[in-house]
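Written below as structure tokens is the structure these notes are about.
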Amino acid sequence: AQSVTQLDSHVSVSEGTPVLLRCNYSSSYSPSLFWYVQHPNKGLQLLLKYTSAATLVKGINGFEAEFKKSETSFHLTKPSAHMSDAAEYFCVVSDRGGATNKLIFGTGTLLAVQP
Amino acid sequence: EAGVAQSPRYKIIEKRQSVAFWCNPISGHATLYWYQQILGQGPKLLIQFQNNGVVDDSQLPKDRFSAERLKGVDSTLKIQPAKLEDSAVYLCASSLVAARGITDTQYFGPGTRLTVL
């Protein structure tokens, strides 16, 4: 069975400092991995996705994530946080070997950015 | 390009009442998904349609939840009768395809926030 574990439910950083949101996954097949962001009262927006090409994936708004198979991790990073980055972030796994495009979401990490 | 549309945005009902949510996917997207997001949790897939056929409804509480996608475009999710634990945000998403070995991006609507009193 597939699953993702987001290691921090809350992360607080100061504006201009680096962001690290941690995610570990478990998958029986070659996984596809995603990071989605959810701003208050808005829909989920895709930040980036990994589908077996380059292990370092660049996304929107300066975010990137690195797929590390040996560590079963897919941590999200950004060099310098902006106030607008404050939101909830979800790590997601999809089973590329299965018959559907089913997404399994983590429980989310709430990112706070202090001025 | 227009995104996924959902209505209503908010709904408050009493337990044992019925409620329906509507979703209009992105034009041309064959696959449509309904997710339930309970406060403090990640979204959970309820049902997935490919055109107007059901691909996966294994986590849909079929005694009270139903969904349809007539003509392979719009979809309606219904709850009858509602329970307190159904309070959640109901998200609709769509993607171009969903097939073995293909990972297609899902695009999400703004959701409907349901409160059951």
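Sequence order for the protein chains is B and C. The first sequence begins at 1 in my numbering and counts up by one. The second sequence begins at 1001 in my numbering and counts up by one. Note that the Cβ used here is the ideal one computed from N, Cα and C, for glycine as well.
Run down chain B in chain order and give the residues with a C-beta less than 9 Å from the C-beta of residue i.
i, result
"C/F1108", "Y36, Q38, G43, L44, Q45, L46"
"C/L1091", "G43, L44"
On the DSSP bridge assignment, give the partners of residue i in chain order.
i, result
"B/Y29", "Note: B/Y29 sits in no beta bridge, so no partner."
"C/S1007", "C/W1022"
"C/R1113", "C/Y1010, C/V1089"
"B/V92", "B/F34, B/F105"
"B/K68", "B/S73"
"B/A87", "B/L111"
"C/S1122", "Residue 1122 of chain C cannot be examined here, being either before or after the span of chain C that is shown, 1001 to 1117."
"C/F1065", "C/I1079"
"B/N24", "B/T5, B/S73"
Which residue comes first and which comes last in the beta strand (DSSP E) that contains residue i?
i, result
"B/Q6", "3 to 6"
"B/F74", "73 to 78"
"C/I1012", "1010 to 1013"
"C/Q1037", "1031 to 1037"
"C/D1056", "1053 to 1056"
"C/V1073", "Neither: C/V1073 is in no beta strand (DSSP E) and is coded neither H nor E."
"C/L1084", "Per DSSP, C/L1084 belongs to no beta strand (DSSP E) and is neither H nor E."
"B/S14", "10 to 14"
"B/L46", "44 to 50"
"C/Q1048", "1044 to 1050"
"B/L20", "19 to 21"
"B/K58", "56 to 58"
Run the CB neighbour count on residue i, radius 10 Å, all protein chains shown included, and call it buried at 16 or more, exposed below.
i, result
"B/N101", "buried"
"C/D1086", "buried"
"C/I1012", "exposed"
"C/R1069", "buried"
"B/D85", "buried"
"C/A956", "Within the shown structure, residues of chain C are numbered from 1001 to 1117, placing residue 956 of chain C beyond reach of any answer."
"B/I60", "exposed"
"C/D1063", "exposed"
"B/K78", "buried"
"C/G1028", "exposed"
"B/L56", "exposed"
"B/A54", "exposed"
"B/K49", "buried"
"B/E71", "exposed"
"C/Q1036", "buried"
"B/T17", "exposed"
"C/Q1080", "exposed"
Run down chain B in chain order and give the residues with a C-beta less than 7 Å from the C-beta of residue i.
i, result
"C/G1111", "G43"
"C/T1031", "N101"
"C/S1095", "N101"
Name, please, each residue of chain C whose Cβ falls closer than 8 Å to the Cβ of residue i.
i, result
"B/G106", "G1042"
So with CB distances below 7 Å, who are the chain C contacts of residue i?
i, result
"B/E49", "Residue identity differs from the one stated: residue 49 of chain B is Lys in this sequence, not Glu. The answer, in chain order, is T1105."
Check whether the Cβ of residue i sits closer than 7 Å to any heavy atom of the ligand GTP, and report yes or no.
i, result
"B/T55", "For the ligand GTP, the structure offers nothing, since it holds no ligand at all."
Using the beta-carbon of each residue, which ones in chain C are nearer than 9 Å to residue i?
i, result
"B/F90", "G1042, P1043"
Within 8 Å (strictly less), CB to CB, does residue i reach chain E?
i, result
"C/G1028", "Of the protein chains in the structure, B and C, none is chain E."
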